[in-house]
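Undergrad: Here it is, the structure in full.
Numbering (our numbering), first residue to last: 51 to 192.
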């Protein structure tokens, strides 16, 4: 059975339903095991300085030097409803998770994996809202 991060209901959602929506969203969308994020400096050639750090889910073909991070594990440790606004059908659910990250870099076509594995504790704030007849995560903050 595949879990979904949307619950169709015309009724007021239960705390269990809200927690299920948030938990599933974090596991399947926000911190999905196996997902890799690439990041690199965006250089301003005319000034010769780093203007900002860019991150995306795929490598920009113009960059031959970049770093990456891969989600190796996402263990949900706690999920609870923080705020309920049944009148406006808006809710905030906190999801605590232990996330394991592997990383590496690529320089001129040679990819090097770091031997360091990072274990990070995260608390995500999932904002859940009602569409026409379903509830879903609209944004996530840490």
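For every residue, glycine included, the Cβ atom is placed at its ideal position computed from N, Cα and C.
1) In whole angstroms, what is the alpha-carbon distance linking residue 151 and residue 69?
2) Sorted by chain position, which residues of the same chain lie with C-beta nearer than 6 Å to residue 141's C-beta, five sequence neighbours on each side aside?
3) Cα-Cα, which of 183, 160 and 79 is closest to residue 124?
4) Have a look at residue 192 and residue 115 and give me their C-alpha separation to the nearest angstrom.
5) Does DSSP classify residue 65 as helix, strand or coil?
6) Evaluate residue 51 with the Cβ neighbour count: other Cβ atoms within 10 Å of its Cβ, from every protein chain shown; 16 or more gives buried, anything less gives exposed.
TA: Once the coordinates are examined:
1) 24 Å
2) 68, 134 and 178
3) 79
4) 28 Å
5) helix
6) Confidence in residue 51 is poor, its pLDDT being 31 and thus under 50, which makes the residue's placement unreliable; the coordinate value appears in the next sentence. So residue 51 ends up on the exposed side.
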